[in-house]
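2 protein chains.
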Amino acid sequence: MKDYIKHDEWNIIEEGFDPALNCISESLFSIGNGRMGQRANFEERYSGDSLRGSYVAGVYYPDKTRVGWWKNGYPEYFAKVLNSANWIGIDIEIDGEVLDLASCKVKDFRRILNMKEGYLLREFTAVTASGKEVKVRAQRFCSIVDDQTGVIRFTVMPVNFSGEIRVTPYVDFDVVNKDSNYGEKFWDEVARSVTDEGGWVVARTVKLDFHVATGMKYVIRKDNNQINLPVLRIEKNKYIGNLVSVPVSAGEELAIEKYAAVISSENHPKDTLKSICETELTRIAGKGFDTMLKEQKAAWELKWEESDIRIKGDVSAQQGIRFNIFQLNQTYTGEDERLNIGPKGFTGEKYGGSTYWDTEAYCLPFYLSTADQNVARNLLLYRYKHLQKAIENAEKLGFTDGAALYPMVTMNGEECHNEWEITFEEIHRNGAIAYAIFDYVRYTGDHQYVIDHGLEVLIAIARFWSQRVNYSEAKQKYVILGVTGPNEYENNVNNNWYTNIIASWCMEYAIDMVRYVREHDEGRFIQLAQKVKFREAEEISRWQNIIDTMYYPTDEEKGTFLQQEGYLDKEQILVGDLPPEHLPLNQKWSWDKILRSCFIKQADVLQGLYFLEDRFDEDTIRRNYEFYEPRTVHESSLSPCVHSIQAALLGKKEKSYELYLRTARLDLDDYNNDTEDGCHITSMAGTWMSVVKGFGGMRIKDGQLHFNPFIPDQWESYSFKIRFRAWLLKIIVAQDKVEIENRSETPVIIYLSGKPLELHPLKTALVPGH
Amino acid sequence: MKDYIKHDEWNIIEEGFDPALNCISESLFSIGNGRMGQRANFEERYSGDSLRGSYVAGVYYPDKTRVGWWKNGYPEYFAKVLNSANWIGIDIEIDGEVLDLASCKVKDFRRILNMKEGYLLREFTAVTASGKEVKVRAQRFCSIVDDQTGVIRFTVMPVNFSGEIRVTPYVDFDVVNKDSNYGEKFWDEVARSVTDEGGWVVARTVKLDFHVATGMKYVIRKDNNQINLPVLRIEKNKYIGNLVSVPVSAGEELAIEKYAAVISSENHPKDTLKSICETELTRIAGKGFDTMLKEQKAAWELKWEESDIRIKGDVSAQQGIRFNIFQLNQTYTGEDERLNIGPKGFTGEKYGGSTYWDTEAYCLPFYLSTADQNVARNLLLYRYKHLQKAIENAEKLGFTDGAALYPMVTMNGEECHNEWEITFEEIHRNGAIAYAIFDYVRYTGDHQYVIDHGLEVLIAIARFWSQRVNYSEAKQKYVILGVTGPNEYENNVNNNWYTNIIASWCMEYAIDMVRYVREHDEGRFIQLAQKVKFREAEEISRWQNIIDTMYYPTDEEKGTFLQQEGYLDKEQILVGDLPPEHLPLNQKWSWDKILRSCFIKQADVLQGLYFLEDRFDEDTIRRNYEFYEPRTVHESSLSPCVHSIQAALLGKKEKSYELYLRTARLDLDDYNNDTEDGCHITSMAGTWMSVVKGFGGMRIKDGQLHFNPFIPDQWESYSFKIRFRAWLLKIIVAQDKVEIENRSETPVIIYLSGKPLELHPLKTALVPGH
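If you read the sequences in order, they're chains A and B.
Residue numbers for the first sequence follow numbering that gives the first Met the number 0, so the first one is 0 and each next one is one higher.
Residue numbers for the second sequence follow numbering that gives the first Met the number 0, so the first one is 0 and each next one is one higher.
Right, dumping it as structure tokens:
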């Protein structure tokens, strides 16, 4: 827990330079545009603690799986997010002294992430060992308009001397990852070129042969006048740079504008990378920094128009929620259905891979409500395109006949997690992928998606479950043995209630959708049935039989579902009864002790009640919530949001707000002491959900929008916008009223606290006294 | 499964050179003396497939644990058995052509492991590319008399030419392990010295700073006359050698005798290694090869006198059992209580570490019956000396108050396995360590051991169990959750019957021994109680309460114990119903599928019935055996022996013999296609048990020896010797009679098939018609 970020509604602000906080700030002040991203490393050299990170979407390294003893079915590799070329680098030497904040005296240091306009600004005054003082200002962003580029304006002004400043903008592919064996490097040079105006390096990854061209152009100005001085071209393996020595007088401002392009073979043929790189550089340098920044601001304005949440009366909450929305928008734009939302986005390399079930369970609702329908649809298509790999993944484990098991984490559809208890057993992820189709269709009404793509995925998932269950003669029921539920503080349990019910639900939904598609587009149905060799009568009958005979562990006495068989054999202690110094368990207890305890990492039974809320009455939800929440340590960043939403539903407003606070500023306050590794991107969507589904009580029922809002006592008001089908609505919840604005040109009926409310086009409805 | 080893009663013989079998033969023909060991690599250079292996007892490398995600309590390292200096190397060049069997034509190749006399012999004729033919004979052994030394006599005779043969005996520490990252090396040179007569290299391991001095001396003879020729001294980093060019005529025999000493800092101060190495070399070269060989034969004769099993009428079985006994005696001599029995002994590097519960559960009975009592006692002392580490290991997992959890595998008492499901959960190993004390005392009558050392271990183990259980309110019983039983084809199960019963047994035995020690040596008891802060009344009362209230999963209907809770929820299939191409499961099925199946790797419930046989009636054992054995795939080399013994007990003679056969020639016939990695040393003791406890029906009851022998139809007779307390007995079982010879000077009463039989000193009792 830290508290060094200044509270501000639109900006993330750090004042004063504390090297001990640098890695945290590098994560927090990261910039990205969905295609590339960059931690807030310094442009100039820095010899202090730093995690260098420059990431290119889709580019990874398949590292050897780390296992004690290899066993059949283990994944072949785990995907490492690669640190790519350093394109921000600008070495500065002042009369022969390197500008390095680790060795200079630093004054008036200020770092600002301007979320409204989408740029990073850093200002400081540095005093070198010999006493020379310079004022520096560095502003940069990854353009969301020209999404293969980034630009920097870096200015240096001598304060108390006149002298020579040597400036070396460069591109360097000779970079390392934090997570690597024996300092191995992951990039080999393919080609490089340097002129007096800049240059480029094309490098390839040592495995999988991704190629990336990273190039730069630069302009040097003195007091705003472009200057031309002799240039020393520097080139070495994987590196190009231009050294320029500039005589500068005290008070004169030396400015370097650096234009960078990052062109990946994921988007262009390998042999075109150099020329595209050069073209892009010429184009953006032609636009110039100021124009690009203006375009950036305009583009971010549009994003905020759709996705902002406004909280009045609580600057800290306002900053927290905007930071989350900002990072989500920096991470995923929905323009490329091959991409997805990595757990750290572009803010760090930890967790590797890119896509967990987080996307379907936590991120999809955010993009459904705040972006064009195609963005969410692309998230579904991502899985659709991986279906064949998911079938192969299941085959490796012995499943047959087109059964699909989606990977726990993936870059390209292949499993690339590292632990058997997860890859083999945390199979409920398959449920989230089916559920996302349901969620998407429920929200958008886009049934055509089921016909075109969804049903094929649903059949493959239903097939998986129908093979993964087995019939227990002892119980005379279908059981699912050896699974890991969402609560990863258990492993290899039998009959995890959540897994059993989501499995059963998947088969039900698949049966429904089989019938829907056959009814609405028989030609397509027949074609699909042939393609996947669907034995309709036989398969549906088996699915139905399993649905009807599935075993659900329950505690009849308490009226609760049992997280898994035997859960009540554990010693029952509540989190509140633990001495505080035992928390967080994952730092204080051995893994063994955690596994044997009754403590829960994140919603498990409650995750099922959240997904399938319509099927359970409030009392059932309440009994389970009241049993499980006090046993939950919320040590996954994905945990509090589901509980916050459920607490809101149950009228536990204080608890709902308390749980919301646990993630709202998770990274900004470095709540878990791990922000230095990167930000918790996927949980940010959960925070958004806490506000919209929790406080706002938003639900879709029978194709219609419902709200059941409340407002935390601590706030004056909050508002959020929702895209829903043809409509854009803005909901403002104040202490004494709710206002709902229909920003669309057609009327719509929504339900407020269960009562229908007609919203007229371009009008606001005000409901007082709520 | 292979069948290339010639059947012979006393020798392991390979005829003809097949490079594809070389790595297997390198394992099979390994030599060792408990202190050092050497795979059957060639002395001369060999560019074909080979696993180089020269091992020094106790010297290892703590490699980084390989885990996907580190969690608290995971072991810090896994111990790698290190390939140490090549001391056998003798490069041979024939008129400039390197002698290398990978590039020569090879004729009359023969490799013999003479088990009776304890040496390895290799003979062949090689024809070089240019057509030069040489006859070679190489004989070597690791001396069990001078156990820091090995010697070689290597002879070369030109057949069809006269010319110059260059001979380079050397010592080389620049060696690699098969299991290493990026070819890293584990030895750094400390010092080296070379003279015309040989030299030495001292090297240190890159971690833990083990030092080893390996030196050599050599003598060159031509037709048995020592010759002196100019010597070229060769030295480079980690290497010394002597090159001698010898003119040899056709038919003349050139002989190199090479004396090697391997002196480890495990046994001597580091600064003395060089001088001890030189002294040893001078001493053994003084003795000479022939004398050393004579001493070797005499020493092996003594070993065989104690441990031989003689099988008449079945050469293959005879060879198999002698090979097992030979390897066990090569691996562990019992002279150093810091050493133990690695799963591969000195025959390979696989599995790392040194000590599993194999030692207590499978190896102890062999050494108890075939060696001095001190040998078995040293195996117990090994664990006694590791008690503090076992307490620390338990503390890492959150246990307190002197509870001890012995490691799953260790070199020095620290856990160095790699998988949480084993290190955290396969805790039944603690039971085997307590059981070994019981087994030792039962066999030897050495109650003093309990007083001096055993009780301290037993209290610490009982404390562990008393903390590891928890009281289930739901069951109103004590339960043990989250364990892995001996059947490693399950993981993280609840209430594994074997674990529960061995835990309970440990507490019972600890209570008994507390009472025994207090009664027999109260002073010592008080001293120990103070040392370990034993709260006698309170702790014993808790233990007794757990013993009385332990939960044991059972199937009342079938009258069987349940391997674990929920075992009957699994799909029940028998091994016999599986298509043969599905076996072995561990090569054909994914780990996931194995875990979810009902199939059993090795005795689990039956292991409990084997250990605690006296507590169960034969019908109970039969019902469980008949339920579990058909579900057991015996994919651990430790599995068949327990089943074979139990089948014998139940009168299932054919089955007993069939199971015996599965391990008797496991390595010789490369049954599991893995002998190339090394031999299955610990399972060899299990094979010995199959004969003595299975066929021979040997048991100790109330301090007295019982036999209940039968003989497989395929055999004429078999005999084995047993040391039992003051007595040495020889038991001969033929088809029509049993003879028991009392080789001691005092009479003894034993029980044959339940009837007492008095054995007079130095007399043989004959019981016909058995």
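Virtual Cβ for every residue (Gly too), placed ideally from N, Cα, C.
Bear in mind the structure is a predicted one, so any value in this text is a computation, not a measurement.
What residues in the region 161-179 of chain B bring their beta carbon closer than 7 Å to a beta carbon of chain A?
Residues: none.
If contact means a Cβ-Cβ distance below 9 Å, which residues of the region 459-474 of chain B contact chain A?
R467, N469, Y470, S471, E472, A473, K474
Using a Cβ-Cβ cutoff of less than 8 Å, which residues in the same chain neighbour A:E580 once the five nearest sequence positions on both sides are dropped?
Position 581 of the first sequence, counting from 1, holds the residue named residue 580 of chain A. For A:E580, where only same-chain residues beyond five positions count, the Cβ hits under 8 Å are K587.
Got a sec: which bits of the region 67-92 of chain B sit with their beta carbon under 9 Å from any beta carbon on chain A, in order along the chain?
G67, W68, K70, N71, G72, Y73, F77
Along chain B, which residues have their Cβ under 7 Å away from the Cβ of A:D591?
Residue numbering aside, residue 591 of chain A sits at position 592 when the first sequence is read from its first letter. What A:D591 touches in chain B: G72, L396, F423.
Chain-ordered chain A contacts of B:R65 [CB-CB under 7 Å]:
The residue you call residue 65 of chain B lines up with position 66 of the second sequence. Those within 7 Å of B:R65 in chain A are R65, V66, G67.
Distance between A:F322 and B:Q606 (C-alpha atoms, nearest Å)
Translated into positions along the second sequence, residue 606 of chain B becomes position 607. Translated into positions along the first sequence, residue 322 of chain A becomes position 323. About 59 Å.
A:E75: beta carbon under 8 Å from a heavy atom of the ligand SAH?
Ligands in the displayed structure: none, and consequently the ligand SAH is not present.
Rounded separation between B:R621 and B:I748 - CA only:
On the second sequence, position 622 is the one that residue 621 of chain B refers to. On the second sequence, position 749 is the one that residue 748 of chain B refers to. When rounded, the distance between both Cα atoms is 30 Å.
Beta-carbon neighbours of B:D568, restricted to chain A and to distances below 7 Å
As a working mapping, residue 568 of chain B is identified with position 569 in the second sequence. The contacting residues are S471, A473, K474, V478, L480, N493.
With 16 as the cutoff for other CB atoms within 10 Å, does B:P760 come out buried or exposed?
Mapped onto the second sequence, residue 760 of chain B falls at position 761. When all chains shown are included, B:P760 counts as exposed.
Interface flag, A:N223 vs chain B, CB-CB below 9 Å
As a working mapping, residue 223 of chain A is identified with position 224 in the first sequence. No, its Cβ sits nowhere closer than 9 Å to a Cβ of chain B.
The region 558-584 of chain A: positions lying closer than 8 Å to chain B by Cβ
E564, G565, L567, D568, K569, E570, Q571
Can a CB atom of chain B be found closer than 9 Å to the CB of A:N40?
Here residue 40 of chain A is taken as the residue at index 41 of the first sequence, counted from 1. No - not a single Cβ of chain B is within 9 Å of the one on A:N40.
Give me the Cα-Cα distance between B:T681 and B:A128, rounded to the nearest whole angstrom.
Mapped onto the second sequence, residue 681 of chain B falls at position 682. Mapped onto the second sequence, residue 128 of chain B falls at position 129. Distance between the alpha carbons of B:T681 and B:A128: 44 Å.
Express the C-alpha separation of A:A528 and A:K177 in angstroms, rounding to a whole number.
Residue 177 of chain A sits at position 178 when you count from the first residue of the first sequence. Residue 528 of chain A sits at position 529 when you count from the first residue of the first sequence. Going by the C-alpha atoms only, they are around 48 Å apart.
Looking at the unbroken alpha helix (DSSP H) that takes in B:M697, where does it start and where does it end?
Position 698 of the second sequence holds residue 697 of chain B. Taken as a continuous stretch (DSSP letters only), B:M697 belongs to no alpha helix (DSSP H), as it is neither H nor E.
B:H642 in three-state terms, based on DSSP
By 1-based counting over the second sequence, the position of residue 642 of chain B is 643. B:H642 falls in the helix class under three-state DSSP.
Ignoring anything shorter than 4 residues or poking outside the region 18-75 of chain A, list the alpha helix (DSSP H) runs there in chain order.
21-27
Burial state of B:H519, where buried means 16 or more other Cβ atoms lie within 10 Å:
Position 520 of the second sequence holds residue 519 of chain B. A residue is called buried when at least 16 other Cβ atoms come within 10 angstroms of its Cβ; B:H519 does not meet this threshold and is exposed.
Within the chosen definition, does the region 641-649 of chain B reach the region 693-704 of chain B through at least 3 CB pairs nearer than 8 Å?
yes
Comparing the C-beta of A:E715 with each C-beta of chain B, is any distance below 9 Å?
In the first sequence, residue 715 of chain A corresponds to position 716, counting from 1. Answer no: the Cβ-Cβ gap between A:E715 and chain B never drops below 9 Å.
With 16 other Cβ atoms within 10 Å as the buried cut-off, status of A:V440
Start at 1 with the first residue of the first sequence, and residue 440 of chain A comes out as number 441. Buried, because 16 or more other Cβ atoms sit within 10 Å of the Cβ of A:V440.
For A:L758, name the three-state secondary structure that DSSP assigns.
Within the first sequence, the letter at position 759 stands for residue 758 of chain A. Of the three classes helix, strand and coil, the one that applies to A:L758 here is strand, per DSSP.
Which bits of chain B does A:L50 rub up against, with CB to CB less than 8 Å?
Stepping through the first sequence from its first residue, residue 50 of chain A is reached at position 51. Here the premise fails: no neighbours, minimum Cβ distance about 18 Å.
For the candidate residues B:E715, B:L758, B:A431, B:A725, whose alpha-carbon lies nearest to that of B:K311?
Translated into the one-based positions of the second sequence, residue 311 of chain B becomes position 312. B:E715 is the residue among B:E715, B:L758, B:A431, B:A725 whose C-alpha sits nearest the C-alpha of B:K311.
Which ranges does the beta strand (DSSP E) cover as unbroken runs of at least 3 residues, wholly within the region 402-482 of chain B, from first to last along the chain?
For the region 402-482 of chain B, whole beta strand (DSSP E) runs of length 3 or above, ordered along the chain, are 469-471, 476-478.
Run through chain B and tell me which residues come within less than 7 Å of A:N490, C-beta to C-beta.
On the first sequence, position 491 is the one that residue 490 of chain A refers to. Under the 7 Å cutoff, chain B gives N491.
Neighbour list for B:N812 in chain A, Cβ cutoff strictly below 7 Å
In the structure as shown, chain B begins at 0 and stops at 769. Residue 812 of chain B is therefore absent and cannot be evaluated.
Taking contact to mean at least 3 C-beta pairs separated by less than 8 Å, is the region 340-359 of chain A in contact with the region 322-331 of chain A?
yes
Do A:F16 and A:F140 come within 9 Å of each other at the CB atom, strictly closer than that value?
To locate residue 140 of chain A, count along the first sequence from 1; it is residue 141. To locate residue 16 of chain A, count along the first sequence from 1; it is residue 17. No, these two residues do not count as a Cβ contact at 9 Å.
To the nearest angstrom, report how far apart A:G197 and A:T271 are at their CA atoms.
What you label residue 197 of chain A is simply residue 198 of the first sequence in a count that begins at 1. What you label residue 271 of chain A is simply residue 272 of the first sequence in a count that begins at 1. Going by the C-alpha atoms only, they are around 19 Å apart.
Just verifying my parser: in three-state terms, what is the DSSP assignment at B:F533?
Position 534 of the second sequence, counted from the first residue, corresponds to residue 533 of chain B. Residue state, collapsed to three classes: coil.
Of all the CB atoms in chain A, is at least one closer than 9 Å to the CB of B:E294?
Position 295 of the second sequence holds residue 294 of chain B. Not closer than 9 Å to any Cβ of chain A, the Cβ of B:E294 fails to qualify, so no.
Proximal residues of chain A, C-beta to C-beta of B:N417 below 9 Å
The residue given as residue 417 of chain B occupies position 418 in the second sequence. Ordered by position in chain A, the residues that pass the 9 Å Cβ test against B:N417 are V66, G67, W68.
What ranges does the beta strand (DSSP E) occupy inside the region 141-177 of chain A, keeping only unbroken runs of at least 3 residues that lie completely in it?
You should have 148-157, 162-171.
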